[in-house]
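Engineer: Protein chains in written order, with the numbering used here: chain A, 1 to 348; chain B, 1001 to 1469.
Before I ask anything, let me first share the structure, which is written out below as C-alpha cells.
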Ligand SMILES: Cc1ncc(C[n+]2csc(CCOP(=O)(O)OP(=O)(O)O)c2C)c(N)n1
Ligand SMILES: [Mg+2]
C-alpha cells in the first residue's frame, strides 16, 4: 500500500486494492547497480533543473506560469525505465520532468522557458507548451484534462497502425475530475486501446486537497465502471513505479486495453511560482521531504549496498549541475525568436 | 569559488523587499532546498531556499533590513574546502545565484496567475487613478471612494448576496482559497459554504449545474478561474443557458452570471490568453458585459446578478488592481446595454471597452497633444450594444476607430463598423478602422507577445489616418 490521503507514511507493500489478481501493482522492482545509478542521475537532473528554473524565474528570465516538478521525479523516471522506443508521452503543464525523462535536452527545455529561439517550440510555447516529435513527446498542455483524450488518441493511432507501442497519458488528481477523462476511459476500453493512464496524485490541485474535490479519492478505481483495471503505486519509490510500469506495459502490449496507475506522490513547491501554499502545513511538506524523498531513497540504497561512494555520488552531482548550468547559460544568451516567427506555424 | 546568494524576486515585477529573518547562521552547512531566510513584501512572506550546497561564509544583509533590492547579494556561500578568508575576495559575478523562492507569491503587474496568488492585491503596483468623465447615471455631488476593480466586484457580489438569498457563487478556488485572483475574498466568511462553493475542476459539469439551478429559480454566479477554461463549458453556456427561454416559449430561462478574467494576462501563451468578447457577442439569448472602470464593474455586476437572463461578465486580470472612483451609494446599479462617453470630443470617435480602454485612454492623451480632439466611448456592454450612442457620435465627428485585444476576423469592431456604415454612411468622412490583436495564437516569447497585442501607437496612427493627418 502506498501513502493514503491522510498523510500517513507510504508503506511499500502490496497494492491496496488490486482489481485483478494477475497484477502485482505495489511490488518493488529489483534494481541492480546500474538501474539505481541511472535512476539517481536522471531524477537528480530533474531536481537540479527545476531548482535552476525557479531561480531564473526569480531573476525575471522566465515569465508567466512555471510549475515545478520537484518531489515527483520518481514517477516519470520509473515509467521511462519501462518504456521502449516509439512509446508516446503526453502530459499537462507540469511538464519539465517528463521532457527531460524522454531525453529531450536540458538546453532546449530551458531555452523554451526563457522564450528563446533555441527552445523546443522556438520560444513560442513557453513552460507549458513544448513538444518533440523525435522523442515522441506530445506536450505540454495548459487545459486541465485535455491531454487525457489526446493521449487516448495516441493509443488509438498505435492500435490503428497495428504496432505494439503504448501511449502514456499523465494527469493530476485535479484533472481526474474532468468529464473528458471518463469519455476517454469508455472509448479506450471499448476499443482496447494501448494507453496507460498515469494519475499523478500529489494530493492537491492548486489549493484544493483531494478530499475537498473528489467523491471517490481512490483514483486507481476511477476506471472501474468501464472495466479498466487500476492500481495504487508508491510514486515516491522509483522501484515501485518501475514494477507497476512493467506490468502495465505488458498489459497494454498484449492487447488487453488501457490500464490506470495512480501514483501517490507529492509536490514540494507551490502549485506555481506565485502560490504561498497556505492550504497545507509546513510539517506535512517537511515530513515528505525528509522521510520519502525519491532521490534520497536511492542515494541511501546506493551507499548502503556499497554501489557508490560519497565521492562517486558527488561526481554525478557535479555532472548534473554542469548540464543544468550550461542549459541556463544557453537559455540566457540565446536570442529571442526572430520577429518574423510571429506569423509562422499557424497553418501549413 | 564562493557563491553570492542574491535577493530573489517573487515575480518579474518585484523590485525590493524586506529580509525579515535568517534561518541559518554563518558557519552553517546548507544543501539545496534548505530554507535559509524569510523575505517579505507588503503582504506576502516567503521562504528563501538554498540552491547550491555549501557553508554559509558570511551574511551580508542583516535580518530586518528593508528595501533590499532584487539581485543584491545577501549572503556568501562557501564551497568545499573554501575558507571564510576567501570571502574577502569578491566572488565572481557569474557565480551569482539568487536563491530560489519557495511558495512565492507576489507582484506581477502584467503577470499572471491562473493560480492561487496569496497577495494578489499587493502584487499590482499602485496604478495612477484614472480620470473618468462624470457618468450621468451617478447623481451629481455623490461622494466618491477610490476602489480597485477587484474590490468593486467583490462588493457587488456581497451586496447582492445580502439582498437576495437565492444568489450564490460557485467555481474553482472561490471559497477557501478566497479566489484564485482574490475577487471572492471574504465571501466564504460572510456567507458560509452553502453559498460560496468550491467546485472540482469540472467546468462543463459545474456550468451545467449552475444552469440547472438557475432554471429552478436560483441565481448562480458561476466564476471561471479564467474564461479560457470556460471553453470546456461553452456548450452549456450557449446550448442551455442562452436558449432555454426561447425553447421553452418563455416559461423558464437561466437568470445567472458567468464571470471571470478574460483576455491575455502576461506571458501565459496561446491556451491562456484569449479575448472572448466577440465569441459571446455572437449569441442571441446572452447579455455580454465588459467593464473597464471599478464603478462600472460594480454597478454592472449588480445589474447582471439581478438580470433575469444569462449574463457573460468579462473581467480582466490586469485591471483587477487598478483604482477608480466608485460612488458611495447604498445601492448603485447601472443599466446594462448603455455606453458611457468617457471623454467628449469633436474630431473623431474612438470606441472601446474593457482592457481596450487602457490603449484608448493613452492614445487620446497623445492625440490631444497633436491637436486631435477625440470622443472616447466606453461601450461597457457588448450585447445588447448601445449603437445609438456610437452612431450619434459618428454623426458629429464623421470618423470612427475601434480598438480591442481579440482576433481581427469577425471582431466586435467589425460588427460596429458594419452597423455604422449602414446607419450613418452619409456622415462618414473616412473608412472605419478597427484595431485588434494580431491574427495569431498568443506567443510566449516576450518580443513576440508584445507584437501580437495591439499597442497605443497603432491606435494613434489609425486615428490620424481617419483624420487624414
Ligand atoms: C480547464 C482548466 N481549468 C482550470 C485550469 C487552472 N488550473 C491549472 S492547474 C490546476 C490544478 C490542477 O491540479 P492537478 O490536476 O492535481 O495537477 P497538479 O497541478 O497537482 O500537477 C488548475 C485548476 C486550467 N488550466 N484548465
Ligand atoms: Mg495535483
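A virtual CB, placed ideally from N, CA and C, is assigned to each residue, including glycine.
Bear in mind that the values here come from a model prediction, so they are computed numbers and not experimental data.
For a cutoff of 8 Å on Cβ pairs, would you count residue 1262 (chain B) as touching chain A?
Structural biologist: For residue 1262 (chain B), the answer is no, since every Cβ of chain A falls outside 8 Å of its Cβ.
Engineer: Can you find a CB in chain A that lies within less than 8 Å of the CB of residue 1447 (chain B)?
Structural biologist: Yes, contact with chain A.
Engineer: Among residues of its own chain, excluding the 5 on either side of residue 1189 (chain B), which ones have a beta-carbon nearer than 7 Å to its beta-carbon?
Structural biologist: So no residue of the chain qualifies.
Engineer: Closer than 6 Å is what we want: which residues have a beta carbon that near any heavy atom of ligand 2? List them in chain order.
Structural biologist: Spelled out in chain order, the answer is A:172, A:173, A:174, A:202, A:204 and A:205.
Engineer: Could you give the DSSP three-state label for residue 180 (chain A): helix, strand or coil?
Structural biologist: Correct three-state label for residue 180 (chain A): helix.
Engineer: Hey, does residue 1316 (chain B) have any beta-carbon neighbour from chain A nearer than 8 Å?
Structural biologist: No, residue 1316 (chain B) does not count as interfacial toward chain A.
Engineer: Given a cut-off of 8 Å, decide if residue 1429 (chain B) and residue 1383 (chain B) are closer than it, judged by their beta-carbon atoms.
Structural biologist: No, these two residues do not count as a Cβ contact at 8 Å.
Engineer: Strictly under 8 Å for the Cβ-Cβ distance: is residue 65 (chain A) near chain B by that measure?
Structural biologist: Taking Cβ atoms only, chain B reaches closer than 8 Å to residue 65 (chain A), which makes this a yes.
Engineer: Have a look at the DSSP bridge pairing and note the partners of residue 1287 (chain B).
Structural biologist: DSSP lists B:1311 as partners of residue 1287 (chain B).
Engineer: Just the C-alpha distance for residue 32 (chain A) and residue 302 (chain A), rounded to the nearest angstrom, thanks.
Structural biologist: Computed Cα separation, rounded: 10 Å.
Engineer: Just verifying my parser: in three-state terms, what is the DSSP assignment at residue 1006 (chain B)?
Structural biologist: Of the three classes helix, strand and coil, the one that applies to residue 1006 (chain B) here is strand, per DSSP.
Engineer: Name, please, each residue of chain B whose Cβ falls closer than 8 Å to the Cβ of residue 342 (chain A).
Structural biologist: Neighbours of residue 342 (chain A) on chain B, chain order: 1438, 1440, 1443, 1448, 1451 and 1452.
Engineer: Could you check whether the Cβ of residue 323 (chain A) sits closer than 8 Å to any Cβ belonging to chain B?
Structural biologist: It does not: the Cβ of residue 323 (chain A) has no partner Cβ on chain B nearer than 8 Å.
Engineer: Measure the CB-CB distance between residue 1074 (chain B) and residue 1019 (chain B) and report whether it falls below 8 Å.
Structural biologist: In contact: residue 1074 (chain B) and residue 1019 (chain B) (Cβ atoms closer than 8 Å).
Engineer: Name the chain A residues that come within less than 8 Å of residue 1271 (chain B), Cβ to Cβ?
Structural biologist: Those are 128, 129, 141, 142 and 143, listed as they occur along chain A.
Engineer: In chain A, which residues lie with their C-beta within 7 Å of the C-beta of residue 1032 (chain B)?
Structural biologist: Those within 7 Å of residue 1032 (chain B) in chain A are 51.
Engineer: Give me the Cβ distance between residue 1289 (chain B) and residue 1336 (chain B), rounded to the nearest whole Å; I'm assuming they're in contact under 8 Å.
Structural biologist: Yes, they are in contact, since the Cβ atoms of residue 1289 (chain B) and residue 1336 (chain B) sit about 6 Å apart, within 8 Å.
Engineer: Using a Cβ-Cβ cut-off of less than 8 Å, list which residues of the region 1330-1350 of chain B approach chain A; keep chain order.
Structural biologist: Listed by position along the chain: nothing, the set is empty.
Engineer: Given this structure, state the Cα-to-Cα distance separating residue 1165 (chain B) from residue 1259 (chain B), to the nearest angstrom.
Structural biologist: Distance between the alpha carbons of residue 1165 (chain B) and residue 1259 (chain B): 19 Å.
Engineer: Starting from residue 1349 (chain B), trace the beta strand (DSSP E) in both directions and tell me its first and last residue.
Structural biologist: Its beta strand (DSSP E) spans residues 1348-1352.
Engineer: Using the Cβ count rule (16 or more neighbours within 10 Å means buried), how would you classify residue 1024 (chain B)?
Structural biologist: Counting Cβ neighbours within 10 Å, residue 1024 (chain B) comes out buried, since at least 16 surround it.
Engineer: Just curious, the alpha helix (DSSP H) that residue 1191 (chain B) is in, first and last residue?
Structural biologist: First-last of the alpha helix (DSSP H) with residue 1191 (chain B): 1187-1191.
Engineer: So, residue 1148 (chain B) versus residue 1321 (chain B), is the Cβ gap smaller than 8 Å?
Structural biologist: Closer than 8 Å, so yes.
Engineer: Assign residue 221 (chain A) to one of two classes, buried (16 or more other C-beta atoms within 10 Å of its C-beta) or exposed (fewer than that).
Structural biologist: Looking at its Cβ environment, which holds 16 or more other Cβ atoms inside 10 Å, residue 221 (chain A) is buried.
Engineer: Closer than 8 Å, CB to CB, is residue 1229 (chain B) near chain A or not?
Structural biologist: For residue 1229 (chain B), the answer is yes, since a Cβ of chain A falls inside 8 Å of its Cβ.
Engineer: Report buried or exposed for residue 1005 (chain B), applying the criterion of at least 16 other Cβ atoms within 10 angstroms of its Cβ.
Structural biologist: It counts as buried.
Engineer: Say yes only if the C-beta of residue 61 (chain A) is nearer than 7 Å to one or more non-hydrogen atoms of ligand 1, and no if none qualify.
Structural biologist: For ligand 1, not one heavy atom lies less than 7 Å from the Cβ of residue 61 (chain A).
Engineer: Let me check you understand the geometry: is the CB of residue 1368 (chain B) closer than 7 Å to at least one non-hydrogen atom of ligand 1?
Structural biologist: Residue 1368 (chain B): no, Cβ never under 7 Å from ligand 1.
Engineer: Less than 8 Å separating the beta-carbons of residue 1350 (chain B) and residue 1376 (chain B)?
Structural biologist: Taking 8 Å as the Cβ cut-off, residue 1350 (chain B) and residue 1376 (chain B) qualify as a contacting pair.
Engineer: Can you find a C-beta in chain A that's less than 8 Å from the C-beta of residue 1382 (chain B)?
Structural biologist: Cβ-Cβ to chain A under 8 Å: no for residue 1382 (chain B).
Engineer: Looking at ligand 1, does it come within less than 7 Å of residue 1225 (chain B), judged from the CB to the closest heavy atom?
Structural biologist: Yes, since a heavy atom of ligand 1 falls inside the 7 Å radius drawn around the Cβ of residue 1225 (chain B).
Engineer: Considering only the alpha carbon of each residue, which of A:106, A:43 and A:128 lies closest to residue 1445 (chain B)?
Structural biologist: The option with the nearest alpha carbon to residue 1445 (chain B) is A:128.
Engineer: Between which two residues does the beta strand (DSSP E) carrying residue 260 (chain A) extend?
Structural biologist: First-last of the beta strand (DSSP E) with residue 260 (chain A): 259-264.
Engineer: Could you work out which residues of chain B lie near residue 339 (chain A), taking near to mean beta carbons separated by less than 8 Å?
Structural biologist: Residues of chain B passing the Cβ test: 1447, 1448 and 1451.
Engineer: Please classify residue 294 (chain A): does DSSP put it in a helix, a strand, or coil?
Structural biologist: Helix at residue 294 (chain A).
Engineer: Which value, in whole angstroms, describes the spacing of the CA atoms of residue 1100 (chain B) and residue 1036 (chain B)?
Structural biologist: Because the pLDDT at residue 1100 (chain B) is just 47, under 50, the model does not fix this residue reliably, and the value given afterwards should be weighed accordingly. Looking at the two C-alpha atoms, the distance is approximately 10 Å.
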